[in-house]
Amino acid sequence: MKLLAILLLSIAGMYLGYKLRKSSKDSNNERFEIYGGLTFLIALTGGILATALFLLKGESWTIANKMMFRLISFAVIGLMFVLVGVRLTARAKREGNKLGQIAGLTWVLVACFASGLMITRTNKMNDGWTTERQAQVMSACEGMADQGNSFNCPCYVREVMSAFKNPIDYNKAMEDESSGKKATFIAKMEEDCPCGGASFDESEVESIDLPF
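If you want it as structure tokens, here you go:
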């Protein structure tokens, strides 16, 4: 029902923009023709983004879903500005307006650059030790109790992040027992993060001098 309402609102906005643009052309009113085009583009963009958010944001709003929504957002908004810039450039060229052509090309270049930059940054969201990957290590630590290896899991996660800068390296070390890296790391954890040990570093504790 919510998705249907979003689609209907988007279609209504696009239809309103189309009718405003068409009526403005008939009356040769360029200002409202521009407003009609912007109304159409904004309604289309809003409909796409709202639909993407509705479909991606489920019970688990994962890093992957956030990345996908951001990629869609930057791509759609960037495309909207590119279309506006292309339209401005084409109209300025027909009218022989050099300044308008420069402004239109600037719109296109800035939109492409900004969208590309944000998409590149978004692709790096899933690099390193994300919250989800830390939770996976925590769950793996808790599951080691069944194998006879009980650790202080917050300490274990912290040491894993310190020893392995890349989660892929950690997974390889834990899966390949022939290299001895897993046994070495487990032995180190038995010493540094024993079950029942403090889950914080003693250097982080602030000493307080009491007045009595």
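Residue numbers for the sequence shown, in my numbering: 158 to 369. Beta carbons are placed, not taken as given, at the ideal position from N, Cα and C, and that holds for glycine. Fair warning: this is a prediction, and the values are worked out from it, not measured in the lab.
With respect to the 8 Å criterion, Asn-222 and Leu-228 are not classified as neighbours on the basis of their beta carbons. Taking C-beta separations shorter than 6 Å and ignoring five residues to either side along the sequence, the partners of Gly-235 in its chain run Ala-268, Ser-272, following chain order.
Under the 10 Å beta carbon count, Ile-205 is surrounded by 16 or more other beta carbons and is classified as buried. Contact between the region 308 to 318 and the region 240 to 250 is absent, with fewer than three C-beta pairs closer than 8 Å. DSSP lists Pro-351 as the beta-bridge partner residues of Phe-308. Here Gly-261 is buried. Its C-beta has 16 or more other C-beta atoms within 10 Å. In the structure shown, Asp-183 adopts helical secondary structure according to DSSP, grouped into three states. Inside the region 316 to 351, DSSP marks whole alpha helix (DSSP H) runs of 4 or more residues at positions 324 to 332, 338 to 349, from first to last along the chain.
Restricting attention to Asn-186, Tyr-192, Leu-161, the CA atom closest to the CA of Tyr-175 is found in Tyr-192. Put simply, the region 296 to 310 touches the region 332 to 347. At least three CB pairs are less than 8 Å apart. Contact between Val-233 and Thr-277 fails: their C-beta atoms lie close to 17 Å from each other, not under 8 Å.
Counting along the chain, no alpha helix (DSSP H) covers Trp-286, and no H or E run does either.
Thr-219 is a Cβ neighbour of Glu-289, given a cutoff of 8 Å.
Annotation: Asn-254 is outside any alpha helix (DSSP H) and is labelled neither H nor E by DSSP. Cβ neighbours of Lys-338 within its own chain (closer than 6 Å, five residues either side excluded): Ala-330.
Considering only Ser-180, Ala-209, Gly-194, Leu-195, the residue with the shortest C-alpha distance to Lys-159 is Ala-209.
As the crow flies, the alpha-carbon of Met-225 is around 39 Å from that of Arg-251.
The beta carbon of Leu-173 sits closer than 7 Å to those of Thr-196, all from its chain and outside the five residues before and after it, given in chain order. Across the set Thr-279, Met-282, Lys-281, Arg-315, the C-alpha of Arg-315 shows the shortest separation from the C-alpha of Gln-293. As the crow flies, the alpha-carbon of Leu-177 is around 13 Å from that of Ala-200. In this model, Asp-326 and Ala-302 are separated by some 23 Å (Cα to Cα). Assignment of Met-158 by DSSP, reduced to helix, strand and coil, places it in the coil class.
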